[in-house]
Amino acid sequence: MQDIKILDLFFARSEEAIKQLKEKYGKPVLRMAYNILYDSLDAEECLNDSLLAVWNTIPPKRPDNLGAYFAKIARNISISKYRKKHAEKRNSVYDLSLEELSECIPSTENVERNIELKEITKLIEEYLDSISKENADIFVMRYFLCLSLKEISKRTGHSERNISVKLFRIRNSLREYLIKREGM
Amino acid sequence: MNVNKLSDAIGHIDERFIASAMNRRANKKRRRFAAANFLILVLVAGFNMTTLFRCGSSDKKGDDGAMILNVIEYNGAYYEQVDMNDTYLLDMYNLPYEITSEMVGKNLGSGKNAVGEKYGNIYVYAPYSKITTKDGRTCRSVYVSEENGEYSFLLFCNIVSFDSNTHMEFTELMSFFGIDEAEDIESMTIGDEKYISPEDISCLYDIFTSSLSMGSDDFSSINDVGTDEFAHMEVLDMRIVSKEGVVINNMMYYSGINYIRWADNYFRLEEGL
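Note that the protein sequences, when read in sequence, are chains A and B.
Note that our numbering numbers the first sequence so that position 41 is 42, with each residue one more than the last.
Note that our numbering numbers the second sequence so that position 103 is 124, with each residue one more than the last.
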């Protein structure tokens, strides 16, 4: 079913909307939640919480990209849950992605800036606009959707090794970009 | 800034980036190799490859599950009809997911389907109606098709071939997209490299426009490239976006032999990219 029709169902307060949203985007969102939490039950719970959150926000919201909107909500819910539950174990794809992302953070020997979240988001968006669409997709697959190298490889047709090299270059260029743009 | 803050910031990026990544299809390159392979086979068999390829592909799914689109002939060119659920493709072409009435311009009559039957109604895509080249030719890269009350986009993919050696100059093809000089271009992407500076774009544009254009027969006779070699050759996807937002995606660079293949035309470059 087209997004626009699913949105109409939400606006009509039809529970069919939840069913259609889950059918269309449930699988990738559940995969993302699982890769963050590494627990099937927790991931399933996050999926259901996210469906409820979408139900509670549409209307009044009418997102341009329903799937992306759903994924955004699910990611935030999953990460909140992860932080609450986070104990000693660090083994999820999200843990790995965090470790990798730490390479993008410029050295704190420079001027320490209490940069706002919105400002960082804007810089990341500008950076993604400045690189090729494929590299931007790979970045989002890894660091937003928390996909494994194998999953990204399947989606892009590149080898896992190739994806790993591409991500390495992307991280380095993001780091350079952040230093250049904000002197962070 | 710490890593959690960076991760949180990524969690708030614009939804268009997320939609693009979520909709990316698998094995796109392999699909293109297969298509190139098939084209060569058809050439060898001595058929009109464009028509055959289009007839054989209409309304079917490829090996990777990707929908191969219907093709309409209109005004001397072939246009691919877009599945409006294919948000990945629509994003690739900077097109909206829904065609509203104000986007539908002047009625241009009907097209022909792969077997030469009258097909649907074709309309100007209103947002592109004011994009023209200096000699007054309107952008012809995107039209709107209407069939049984359903609207969909038609994307330019090829010129109608009179024989297997029909070809067009690079600048002529560019005019389909309303581009007639480097200054009309916002960005050029070759493989992983995206060029946005006017100097880079101007330099690349000069290389492209001074290339030697040829059809399939000439290309095959000069290069003596066999089916297997062609299918396994390194290929880089190219993407050009005009300042008006019009997108060219169906262009490929064969770095090993220094050719660009675009809409069944082959362009031999004077220097490597």
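Don't be surprised by glycine CBs; every beta carbon is placed ideally from N, CA and C.
Computed from a predicted model, the values in this text were never measured in an experiment.
Should Arg143 of chain A be labelled buried (16 or more other beta-carbon atoms within 10 Å of its own) or exposed?
-> buried
What in chain A is Cβ-close to Asn106 of chain B, meaning under 8 Å?
-> Gln3
Within-7 Å CB hit, Phe229 of chain B to chain A = no
Would you kindly report the start and end of the unbroken beta strand (DSSP E) that includes Met153 of chain B?
-> It is worth fixing the name first, because residue 153 of chain B is Thr in this sequence and not Met. Segment: none, Thr153 of chain B is in no beta strand (DSSP E) and carries neither H nor E.
From Glu190 of chain B to Val92 of chain B, what does the alpha carbon distance come to, in whole angstroms?
-> 23 Å
From A:Asn163, A:Glu161 and A:Val55, residue whose alpha carbon lies closest to that of Ala18 of chain A = A:Val55
Of all the CB atoms in chain B, is at least one closer than 7 Å to the CB of Leu175 of chain A?
-> no
Select from B:Ser237, B:Lys133 and B:Ile261 the residue whose C-alpha is nearest the C-alpha of Phe183 of chain B.
-> B:Ser237
Per-residue DSSP class, three states only, for Ile120 of chain B | coil
Touching by the beta-carbon criterion (3+ pairs, under 8 Å), the region 121-133 of chain A and the region 23-36 of chain B = yes
Per-residue contacts from Lys215 of chain B into chain A (C-beta, under 8 Å) | Ser131, Ile132 and Ser133
Given 8 Å, three or more beta-carbon pairs between the region 156-167 of chain B and the region 128-143 of chain B | yes
Determine the chain A residues that contact Gly32 of chain B at a beta-carbon separation under 8 Å, and present them in chain order.
-> Lys73, Arg76, Asn77, Ile80 and Phe145
What residues in its chain sit with their C-beta under 8 Å from that of Ala137 of chain A, if we drop five residues either side in the sequence?
-> Leu129 and Asp130
Cβ of Ile31 of chain B within 6 Å of any heavy atom in the ligand FAD?
-> Absence of the ligand FAD from the depicted structure is noted, as is the absence of any ligand whatsoever, leaving it without description.
Kindly indicate if chain B contains any beta-carbon less than 7 Å away from that of Asn36 of chain A.
-> no
Kindly indicate which three-state DSSP category Cys178 of chain B falls into: helix, strand or coil?
-> strand
Run of the alpha helix (DSSP H) containing Asn57 of chain A, from where it starts to where it stops | Ser41 to Thr58
Give a yes or no on whether the minimum CB-CB distance between Asp35 of chain B and chain D is below 7 Å.
-> Of the protein chains in the structure, A and B, none is chain D.
Please report how far the alpha carbon of Lys215 of chain B lies from the alpha carbon of Ile269 of chain B, in whole angstroms.
-> 14 Å
Validate contact between the region 150-161 of chain B and the region 111-121 of chain B using beta carbons, cut 8 Å, 3 pairs | no
State the DSSP-derived secondary structure class of Ala198 of chain B, mapped to helix, strand or coil.
-> It is Phe, not Ala, that sits at residue 198 of chain B in the sequence shown. If DSSP states are grouped into helix, strand and coil, Phe198 of chain B belongs with coil.
Compare the C-alpha of Arg182 of chain A against each of A:Glu127, A:Ile132, A:Lys73 and A:Lys151 and name the closest.
-> A:Glu127
Would you identify the three-state DSSP class for Gln13 of chain B, choosing helix, strand or coil?
-> Because residue 13 of chain B is not part of the residues shown, which for chain B are 22 to 294, the question remains open.
Any idea if Val30 of chain A is buried or exposed, counting beta-carbon neighbours within 10 angstroms, 16 or more meaning buried?
-> buried
Is there a Cβ from chain A that is less than 7 Å from the Cβ of Ala218 of chain B?
-> Going by the sequence as given, residue 218 of chain B is Ser instead of Ala. No - not a single Cβ of chain A is within 7 Å of the one on Ser218 of chain B.
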